[in-house]
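Residue numbering for the sequence shown is 1 to 147, as defined by the UniProt record's numbering.
Every residue gets a Cβ at the ideal spot worked out from N, C-alpha and C, and that includes glycine.
Presented below is the structure to which this report refers.
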Amino acid sequence: MPAQLRDSHCSTCGTPFDTTDWPRPCTACGAVTYRNPLPVAVALLPVEDAAGTGLVVITRTIEPAKGGTALPGGFIDFGEDWREAVVRELREETGIEAPAGEVTLADALSSPQGHLLLFGLLPPRPASALPPSAPTDETTGWHVLHT
């Protein structure tokens with residue numbers, strides 16, 4: 001959706017908004033639209049291998065940052081528990097399964113793009129216990145990043 005159309009009309013009745021400020025009250029039905037941060041779940045999976053301990057990362061095949069290295073993550077679905085979102089994103093982007101009950105909150109940060117990033121930490125795993133890296137719809141597969 002083009003940026004000039006996003007949040008330009010009331011989601012209740014469709015009346016155009018005055019798009020100069022937030023929140024946006026609808027002059028027709030009275031509904032008020034707020035610009036809230038979008039929650040994003042990010043997976044932190046430590047992996048132990050011969051080189052030491054690193055983190056699972058992916059290489060993106062889609063925008064934004066196509067070709068870049070990133071932690072597995074994405075938007076939290078409406079009604080979805082953030083821990084479930086962490087393991088769903090990990091599974092979708094890497095094929096690695098994890099129980100949501102093992103996820104603990106490592107940090108919460110606000111991004112310049114208006115997202116609320118929730119970093120979920122999983123217990124360390126040996127590299128030998130993980131499935132082979134394989135491409136997905138959004139990645140070239142996963143690898144371990146050592147610092």
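| Asked | Found |
| --- | --- |
| Start-to-end residues for the beta strand (DSSP E) that takes in Glu84 | Element bounds for Glu84: not the beta strand (DSSP E) but the alpha helix (DSSP H), 82-94. |
| C-alpha gap between Ala50 and Val144, whole angstroms | 11 Å |
| Local conformation of Glu102 per DSSP, three classes | helix |
| C-alpha gap between Ser128 and Val47, whole angstroms | 9 Å |
| Buried versus exposed call for Ile62 [16 or more other C-beta atoms within 10 Å across all chains shown] | exposed |
| DSSP state of Ala108 mapped onto helix, strand, coil | strand |
| Residue nearest to Ile76 in terms of C-alpha spacing, selected from Glu84, Thr69, Ala70 | Glu84 |
| Rounded separation between Pro25 and Pro39 - CA only | 23 Å |
| Collapsed DSSP secondary structure at Ala43 in the structure displayed | strand |
| Beta-carbon contacts of Pro37 that lie in its chain and below 8 Å, excluding the five residues immediately before and after | Ser110, Gly114, His115, Leu116 |
| Candidates Pro124, Val103, Glu92, Phe119, of which the one nearest Ala134 by Cα | Glu92 |
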